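Single-structure report; data block below.
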Amino acid sequence: MNGQYTIFDLLGTTAHAQSLVDSRVTRTITKLVQEGLIAKMPSDAVLAVACLGDPTSAIRRLADAGVLPDELPEEQRWALSERLSLGPADLSARAVLTNPGRVAVFLGLPEAHSDKMATLPTQTTPVYGLFPHQRRAVMEARTLLSKGRTRLLLHMPTGSGKTRTTLSMVCDFLREHEGRPVLWLASTRELLDQAAREFHQAWNALGNREVPILAAWSGQDWNSDDVIDGLLVASLQTIHARRNEPGLLRDLGRRLGLIIFDEAHQAIAPTYRQVVEQLSVAGQPITPIVGLSATPGRTFAGSTADEELAAFFEHTKVELDTATDGGAAGPVEYLIQQGYLAEPEFRLLGELPDAEEEPAAVGEDPAELGMDEDDYLKEVVAATLQLVKESHRRIIVFAASVDLAHVVAATLRAAEVLADAVDGNTAAEVRDTAIRMYKSSARVTRVLVNYGVLTTGFDAPQTSAVVIARPTRSLVLYSQMVGRGIRGPKAGGNKKAVVATVVDPSVPAFGTIAAAFTHWEDLW
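When the count follows our numbering, it moves up by one through the sequence shown with no breaks and lands on 524 for the last residue.
Here you go:
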């Protein structure tokens with residue numbers, strides 16, 4: 001046999017198949033070879049396939065299939081090339097006839113099965129996979145819950161995939177507890193939207209049945225009777241607003257199997273704590289709560305609020321185990337070294353407020369930055385233009401006020417830079433368009449200036465530079481802003497990132513991502 005397979009492999013018949021290879025077919029094929037329509041004499045396996053039925057019509061079938069004159073319509077060429085693991089440019093008689101098994105596919109025959117045939121797959125890639133440190137975090141959290149823990153906090157650096165890691169665990173829970181829905185609580189539209197969309201993607205890959213995704217935020221209508229399975233994504237404000245409806249919290253709590261609290265440092269706020277605890281204790285047994293946070297505290301200097309937060313989650317914190325992989329001094333250093341997070345370069349932007357004093361709440365007065373408005377605009381625009389000059393294609397600017405955000409964006413546009421400004425009052429369709437354009441893969445430079453809307457729930461891994469042009473003593477807020485630009489190459493981001501900030505990086509806990517990540521460690 002000249003081919004890779006025998007006639008019997010290809011046809012799955014007995015020895016009488018050899019009789020199909022008669023002189024008429026051989027002569028016809030030989031003539032086609034002589035006329036240059038076939039590069040060389042095909043194997044006897046191909047001849048055997050051609051002899052199925054009338055030899056003349058069999059040869060015509062070969063030609064119609066594109067094996068001979070290579071003249072299939074473009075759409076069919078693409079489909080067949082994919083089935084045969086050939087590029088469209090290689091879809092030729094020569095390429096097909098080198099492997100008799102491919103001819104069988106062309107003719108619509110089942111592919112032969114033989115020990116001598118194509119090798120079996122040796123590797124597969126999951127549709128919704130996790131990195132090793134994420135898988136270990138899920139395993140530890142599941143172990144703690146299985147041992148009866150009712151409160152725990154998943155502590156992962158900003159940009160390390162908290163949402164993806166947690167939703168993998170949520171999918172595990174829903175597969176194992178049919179009819180026990182999960183409640184995902186968050187405080188902003190961006191976080192809620194992100195959770196709903198990410199769960200849709202996760203469940204498509206990991207789910208075992210059809211489940212609902214119920215939305216309860218921004219006035220969307222919902223009823224506790226609808227919460228029978230799947231995921232309820234709800235804003236803290238919406239649940240709190242309906243807390244006095246007779247039996248609502250009790251009925252909802254009895255249905256839930258698990259509660260996820262995003263940005264968990266808000267769990268002890270007076271407006272939400274009572275609601276969350278009522279939901280948790282409404283059922284029997286108590287519904288577990290898993291909190292998510294990159295900064296498990298509420299204040300920079302430490303306070304009773306920080307201690308209350310640790311107590312609320314029963315001083316149980318799940319951290320990333322990076323030592324198993326020969327990690328560096330801590331999780332953040334490991335994630336940077338391994339390319340999960342970008343390596344940040346911190347730059348000081350303009351003059352600073354007095355670092356010894358607690359700045360007043362940021363308002364419309366740029367004097368709170370320690371500079372007048374003209375100096376502020378000059379510093380912020382100059383820093384942004386320098387980043388553009390350094391070939392950063394996606395840059396986020398956190399302005400000190402709504403008005404300043406729009407002035408900065410307008411000034412950048414006047415300097416011929418594509419820039420948009422968004423804030424809490426921006427119309428939804430305008431904000432969504434600006435964000436969609438920013439997230440696009442177009443190889444042009446774009447700057448997104450904002451005030452108060454992109455600190456959480458905004459995922460644009462291609463962002464390689466952040467300008468923090470607003471003062472803050474909130475380590476939580478500062479970490480959230482820094483986190484918008486430090487996705488590493490393994491997470492679809494960049495190897496290096498730049499953070500230009502009005503917050504002095506030399507101030508303890510503000511100087512590095514690692515310092516912010518471990519700032520509240522003693523409380524836990």
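Cβ coordinates follow ideal geometry from the N, Cα and C atoms, glycine included. Just so you know, these numbers come straight off a predicted model, no measurement behind them.
Rounded to the nearest whole angstrom, the C-alpha separation of Gly219 and Glu333 is 42 Å. The beta-bridge partner set that DSSP reports for Trp184 consists of Val233 and Ile260.
With a cutoff of 7 Å on beta-carbon distance, Leu153 and Gly291 are scored as near each other. In this structure, Leu256 keeps its C-beta atom at 7 Å or more from the C-beta atom of Thr295. Under the 10 Å beta carbon count, Glu176 is surrounded by fewer than 16 other beta carbons and is classified as exposed.
Rounded to the nearest angstrom, the gap between the Cα atoms of Trp203 and Gln386 is 43 Å. Asp306 has its alpha-carbon roughly 10 Å from the corresponding atom of Phe312. The beta carbon of Val482 sits closer than 6 Å to the beta carbons of Val499 from its chain, once the five residues preceding and following it are set aside; these are given in chain order. In terms of CA proximity to Gln237, Gln266 leads the group Ala427, Pro157, Arg164 and Gln266. Taking the Cα of Leu341 as reference, the smallest distance to any Cα among Ser160, Asp225 and Glu190 is reached at Ser160. Boundaries of the beta strand (DSSP E) around Thr501: Lys496 to Thr501. Scanning its chain for C-beta atoms nearer than 8 Å, with the 5 sequence neighbours on each side dropped, one finds around Met169 the residues Val138, Ala141, Arg142 and Val290, in chain order.
Annotation for Ala216: the continuous beta strand (DSSP E) segment containing it runs Ile213 to Ala216.
The three-state reading of DSSP puts Gly291 in strand, counting E and B together.
The region 447-460 makes contact with the region 431-438, as at least three CB pairs between them are under 8 Å.
Residue state for Asn450 is assigned as strand, using DSSP reduced to three classes. Secondary structure remark: continuous beta strand (DSSP E) runs of at least 3 residues inside the region 391-471, in chain order: 394-398, 418-423, 446-451 and 465-468. Cβ-Cβ separation between Val453 and Val422: approximately 6 Å, consistent with a contact (criterion under 8 Å). Note: Arg242 is not bridge-paired with any residue in the DSSP secondary-structure output.
In the assembly as shown, Ser441 is an exposed residue. Its beta-carbon has fewer than 16 other beta-carbons within 10 Å. By DSSP's assignment, Lys317 forms a beta bridge with Leu153. In the structure shown, Leu279 adopts helical secondary structure according to DSSP, grouped into three states.
Distances from the CA of Arg393 to each of Lys378, Gln123 and Lys439 were compared; the closest alpha carbon is that of Lys439. Per DSSP, reduced to three states, the secondary structure at Phe346 is strand. Distance between Asn223 and Tyr128, taken at the CA atoms: about 31 Å.
Around the CB of Asn244, fewer than 16 other CB atoms lie within 10 Å, so the residue is classed as exposed. In the structure shown, the three-state DSSP call for Leu341 is strand. Out of Leu183, Ala205 and Ala216, the CA that lies nearest to the CA of Asp229 is found in Leu183. For Tyr376, the enclosing alpha helix (DSSP H) begins and ends at Glu373 to Lys389.
Contact between Leu279 and Leu249 holds: CB atoms are separated by about 6 Å, below the 8 Å threshold. Annotated three-state conformation of Arg484 is coil, per DSSP.
If you draw a straight line from the Cα of Glu343 to the Cα of Leu404, it comes to about 29 Å.
With a cutoff of 7 Å on beta-carbon distance, Leu258 and Trp217 are scored as not near each other. Annotated as distal: Tyr478 and Val402, with beta-carbon spacing of 7 Å or more. The residues Ser293, Pro296, Lys317, Val318 and Glu319, in chain order, have a CB closer than 7 Å to that of His155 in the same chain once the five nearest residues on each side in sequence are set aside. Under the three-state reduction of DSSP, Arg473 is assigned to coil, being neither helix nor strand.
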